[in-house]
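Participant:
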Amino acid sequence: MSAMEYQTYNIEFMKNRQPRVFAVAGAPAAGKTTFVQQQIQTGVFPSAAFIHDCDLTMQNLKGYQEDLQRHGSAFAFSKWEMPARYLAEEELAEALRRKQDIIYDRSCALNSSLSFLEHLVTEKNYQLYFYYLEVDVETAERRALAREKATGRHVPVSLIKERISSLQKLLPAYQRLAHYFSSSPANIYD
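Residue numbers (my numbering): 1 to 190.
1. What are the residues that DSSP puts in a beta bridge with Ala25?
2. How about Phe50 and Phe22: do their beta carbons lie closer than 8 Å?
3. Would you kindly report the start and end of the unbroken alpha helix (DSSP H) that includes Phe77?
4. So Gly31 and Ala186 are supposed to be a Cβ contact under 8 Å. How far apart are they, rounded?
5. Would you kindly work out how many angstroms separate the C-alpha atoms of Glu162 and Tyr174, rounded to a whole number?
6. Beta carbon of Ser166, beta carbon of Leu110: below 8 Å?
7. Going along the chain, which residues of its own chain have a beta-carbon closer than 8 Å to the beta-carbon of Ser47, five neighbours each way excluded?
8. With 16 as the cutoff for other CB atoms within 10 Å, does His52 come out buried or exposed?
9. Taking 8 Å as the threshold (C-beta atoms), are Ala144 and Pro19 in contact?
10. At the level of alpha carbons, what is the spacing between Ala178 and Ala95?
11. Do Ala25 and Phe116 count as a contact pair if the criterion is CB distance below 8 Å?
12. Measure the C-alpha to C-alpha separation of Tyr189 and Glu138 and round it to an integer number of angstroms.
Here is the structure:
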């Protein structure tokens with residue numbers, strides 16, 4: 001098969017397959033990123049999938065790193081959270097255009113996440129695999145503070161409480177929408 005034939009075959013294959021989105025939901029500091037890494041390493045999640053992770057995008061920004069060093073984690077987070085989210089959304093749109101499998105590493109606690117995942121399932125023909133990592137406020141706060149000391153990554157305590165409460169209200173809708181739904185205590189991923 002020539003390179004041109006292979007490319008044509010690959011394009012046709014990608015057009016005809018049903019893409020998947022692996023949504024990993026939970027409060028900040030629930031262990032979502034660790035869970036994603038474990039699932040990729042064990043082959044549960046595809047290693048070639050696009051990983052949508054706003055925190056990782058923020059950490060990779062030069063300006064964020066500079067502000068983190070100069071002004072501290074709270075300042076850097078407040079300045080760079082929204083620009084990083086915007087950039088991550090742009091990268092996600094490109095992955096969707098290519099019909100890539102997606103690993104959606106977000107709290108899923110906002111109505112916009114539910115609307116987005118509904119759109120993927122109903123309009124874009126994605127299969128939704130939803131993994132909810134349950135964590136209590138005290139554990140999430142403890143983890144967030146330890147992570148901030150170790151890495152400088154800041155998460156406001158008020159955001160943790162808000163996300164846990166909001167996600168609890170949205171879980172029934174995610175359960176109805178998902179092709180596969182899993183709920184597990186976040187502490188098993190430490």
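We put the beta carbon where it would ideally sit given N, CA and C, even for glycine.
Facilitator: Taking the geometry as given:
1. Position 25 of the sequence shown, counted from the first residue, corresponds to residue 25. The partner list for Ala25 (beta bridge, DSSP) reads Tyr132.
2. In the sequence shown, residue 50 corresponds to position 50, counting from 1. In the sequence shown, residue 22 corresponds to position 22, counting from 1. In this structure, Phe22 does not lie closer than 8 Å to Phe50 by Cβ.
3. Taking the sequence shown and counting its residues from 1, the one referred to as residue 77 is at position 77. Looking at the DSSP string, the run of the alpha helix (DSSP H) that includes Phe77 is 73–97.
4. Residue mapping note: residue 31 aligns to position 31 of the sequence shown, counting from 1. Residue mapping note: residue 186 aligns to position 186 of the sequence shown, counting from 1. Confirmed, Cβ separation roughly 5 Å.
5. Taking the first residue of the sequence shown as position 1, residue 162 is located at position 162. Taking the first residue of the sequence shown as position 1, residue 174 is located at position 174. Their backbone Cα atoms lie some 18 Å apart in a straight line.
6. Position 166 of the sequence shown, counting from 1, holds the residue named residue 166. Position 110 of the sequence shown, counting from 1, holds the residue named residue 110. Taking 8 Å as the Cβ cut-off, Ser166 and Leu110 qualify as a contacting pair.
7. Working through the sequence shown from its first residue, we reach residue 47 at position 47. Taken in chain order, the residues that qualify are Ile40.
8. The residue given as residue 52 occupies position 52 in the sequence shown. Burial call: buried.
9. Within the sequence shown, numbered from 1, the residue matching residue 19 stands at position 19. Within the sequence shown, numbered from 1, the residue matching residue 144 stands at position 144. No, the pair does not count as a contact, with Cβ atoms beyond the cut-off.
10. In the sequence shown, residue 178 corresponds to position 178, counting from 1. In the sequence shown, residue 95 corresponds to position 95, counting from 1. If you take the alpha carbons of Ala178 and Ala95, they lie about 20 Å apart.
11. Taking the sequence shown and counting its residues from 1, one reaches residue 116 at position 116. Taking the sequence shown and counting its residues from 1, one reaches residue 25 at position 25. Against a cut-off of 8 Å, the Cβ pair of Ala25 and Phe116 comes out as no contact.
12. Taking the sequence shown and counting its residues from 1, one reaches residue 189 at position 189. Taking the sequence shown and counting its residues from 1, one reaches residue 138 at position 138. Confidence at Tyr189 is low in this model, with a pLDDT of 48, below 50, so the placement of that residue should be treated as unreliable; the coordinate-derived value is given next. Taking the straight line from one Cα to the other gives about 16 Å.
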